[in-house]
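Sequence order for the protein chains is A and B.
Per this note's numbering, the first sequence runs over residues 1 to 243.
Per this note's numbering, the second sequence runs over residues 1 to 163.
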Amino acid sequence: MTGYPSKDSADELDALASEYVLGTLPAAQRLDVKNRLVTDADLRAAVDAWEGRLLALTELAEPMTPSPRLWGRIERSLTRHDRRAPVQTPAVKPHAWWDLLPLWRGLAGAGLVATLLLGSMLLTRTAPVNPTTYLVVLVAPQNQAPGWVIQANNPEEIQLIPLGATQVPTDKALQFWTKADGWQGPVSLGLVKPGQSLSIPVNKLPPLQPNQLFELTLENPNGSPTGKPTGPIQFIGRAVKVI
Amino acid sequence: MHDLYTQESARLLGVAKRIARSDALAEDIVHDAFIKIWTRAGSFDPARGTARGWIFSVTRHLALNFMRDNAHIIQVSEQSESAVLAEAALDVATEVDTFEYRARSGRIYGCLEQLEPARRNCILHAYVDGYSHSEISQKVGAPLGTVKAWIKRSLVALRECMG
C-alpha cells in the first residue's frame, strides 16, 4: 500500500478511493488523496461513488444528542465567518446546487428575509437620526436683538426656545407664524408664552425650507381674529440649514 | 442552518463520537463540520452526490483526519488493549457479528451479508469506528497483512455487488 503511480489503472484508482472513504489509508496517503481530489476528476468521481455506496453505514453509529451549548458555538463561529465574508467561487455550475437543494434555498431565503427586514429597519430608522436640520434666530426688527431660537432637527416638531424674558402687554399675546416662499400667507403655529420653551408639532405642514420665514406678532389674548397676523412684529427670522 | 442542525446534528455527532471516541472532541468536529459546510456550500456540486451525503462525508473525514493526524498521541491503554484482544479472540472464534447490521435496509447491507463475518467486521470497524488497519488487526485478532488483504478484497466484492 505504498506509492501510487500518477497514472493509476482504473482498479487501482478505485481501490485507493475506496480505502480513502473507508478511512483505512495512513495519514500521509490520506493527505495525498485529499490534495489530488482538487485536481484529479477521475479520483474525485471514484471517491464520490464510494461515499455514496457506504453512506448508509453511518446509521450504525448511535445518534447522540448534542449539548445545548453546541449550537450557540456554531452560531457564533458562523457570525464571525459571515463578517469575514469568505469568497468561495464554485468551480462548475455556480447555481446548480441552488436549484436542487431546498435546504440551502431555505437557508438563503431566510438570510434574504433577515437582510431585507434589517435593511428596511435600518432605512426607516436612519431617516430621523440624520435629517436636515434647520436653525432660526428670531430677532427684534428694531434693534436686531436676538430674542428666540428655533431648532428643527426632527421632521415631527420644532422647538421654540427663548433667549431672554420678553415683555408683553397684559392684554396682548404673542402669536407664532411661519411662511415659506410660495405660500399664500403666514400659517399660525399657535400662541406663545413669553420666556417659555415650546415644542410645536409641524407634521401637518410641508417640510421646512431654507429661508422659511418665522415671526412672533403681538395679537389679542385669544390670537389673531382673522387667522393672519394683524399686530406688530416682535421677532422675525429666517430658517438656515445647518450643515 | 439551524434546520439542518436540528435535523442532523444528533446523527452527525453520533458518527463523530464513534470515530473520535470522546464527546468533547465529537462536538468540536461537528462544530468544524458545520462551519465547513457553511463556508463551502457554494462549492457543493449536486452531480457529486446528495447534500446529506456531503454533510456526513465532511463530518467523517474531519473526524478521521483528526484521528490519523493524532495517531501518535492517541494510544489504546494497556488495559483496554487486552480487553480488545480478548473480545477480538471471541469474534474470530465464534465469527460473531460485532455490528447490528441485519435489520438495516439499503443496498450496502445486502452486500455486506455476502461477506464472511470477520471481513464484514473489518469493514465496519474501519468505516464506523474509524479504526486503522492495525487497530482492526488488534480488534479482530488477525495479522495485519491479513486484515489489509481482507479489506482490499471485501471492498472489491462490495463494488461488484453494488455496482
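Note that beta-carbon positions come from the ideal geometry of N, C-alpha and C, so glycine has one too.
Nothing here was measured: the structure is a model prediction, and the numbers come from that model.
Local Cβ density within 10 Å of residue i, reported as buried at 16 or more and exposed below that
i, result
"K204/A", "exposed"
"E113/B", "exposed"
"Q138/B", "buried"
"A10/A", "exposed"
"R76/A", "exposed"
"E51/A", "buried"
"L122/A", "exposed"
"N121/B", "buried"
C-alpha distance - residue i paired with residue j, whole-angstrom precision
i, j, result
"F235/A", "E156/A", "23 angstroms"
"P201/A", "T166/A", "23 angstroms"
"A17/A", "Y127/B", "13 angstroms"
"V30/B", "N70/B", "18 angstroms"
"F177/B", "L135/A", "Examination of residue 177/B is not possible in this model, given that chain B is present from 1 through 163 alone."
"I74/A", "Y5/B", "10 angstroms"
"L191/A", "L163/A", "17 angstroms"
"G145/B", "L155/B", "15 angstroms"
"K165/B", "I108/B", "An answer regarding residue 165/B cannot be provided, because it is not within the stretch 1 to 163 covered by chain B."
"G110/B", "L116/A", "50 angstroms"
"Q75/B", "P143/B", "In this predicted model, Q75/B has a pLDDT of only 49, less than 50, meaning its place in the structure is not dependable; the value taken from the coordinates is given anyway. Between Q75/B and P143/B, the C-alpha separation is close to 19 angstroms."
"A157/B", "T65/A", "35 angstroms"
Cβ pair residue i, residue j closer than 7 angstroms
i, j, result
"A63/B", "A10/B", "no"
"E12/A", "G14/B", "no"
"A180/A", "Q209/A", "yes"
"L218/A", "P232/A", "yes"
"T133/A", "V242/A", "yes"
"L55/A", "G53/B", "yes"
"S1/B", "R53/A", "Position check: residue 1/B holds Met in this sequence, whereas Ser was assumed. No, the Cβ-Cβ distance between M1/B and R53/A is not below 7 angstroms."
"R30/A", "R68/B", "yes"
"G223/A", "Q175/A", "yes"
"P229/A", "P186/A", "yes"
"D48/A", "G106/B", "no"
"A173/A", "P221/A", "yes"
"K58/A", "F99/B", "Reading the sequence as shown, one finds Thr at residue 58/A and not Lys. Taking 7 angstroms as the Cβ cut-off, T58/A and F99/B do not qualify as a contacting pair."
Option in the options with minimal Cα separation from residue i
i, options, result
"L189/A", "G52/A, E215/A and T39/A", "E215/A"
"S67/A", "R48/B, E100/B, A47/B and D23/B", "D23/B"
"A26/B", "A41/B, F66/B, T39/B and Q7/B", "F66/B"
"G195/A", "G147/A, G109/A, P229/A and A108/A", "G147/A"
"T24/A", "R159/B, S43/B, D97/B and W150/B", "W150/B"
"A140/A", "R238/A, P26/A, L37/A and A27/A", "R238/A"
Cβ-heavy atom distance, residue i to the ligand NAD, below 6 angstroms
i, result
"R18/B", "What this structure holds is no ligand at all, so the ligand NAD is not there to describe."
Within chain E, the residues that residue i reaches when beta carbons sit closer than 7 angstroms
i, result
"R73/A", "You won't find chain E in this structure, because its protein chains are A and B."
Where are the beta strand (DSSP E) runs, 3 residues long or more, that stay fully inside the segment 163-228 of chain A, in chain order? 173-179, 187-192, 198-201 and 213-219
Residue ranges of each alpha helix (DSSP H) within the segment 15-84 of chain A, 4 or longer: 27-39, 41-54 and 69-84
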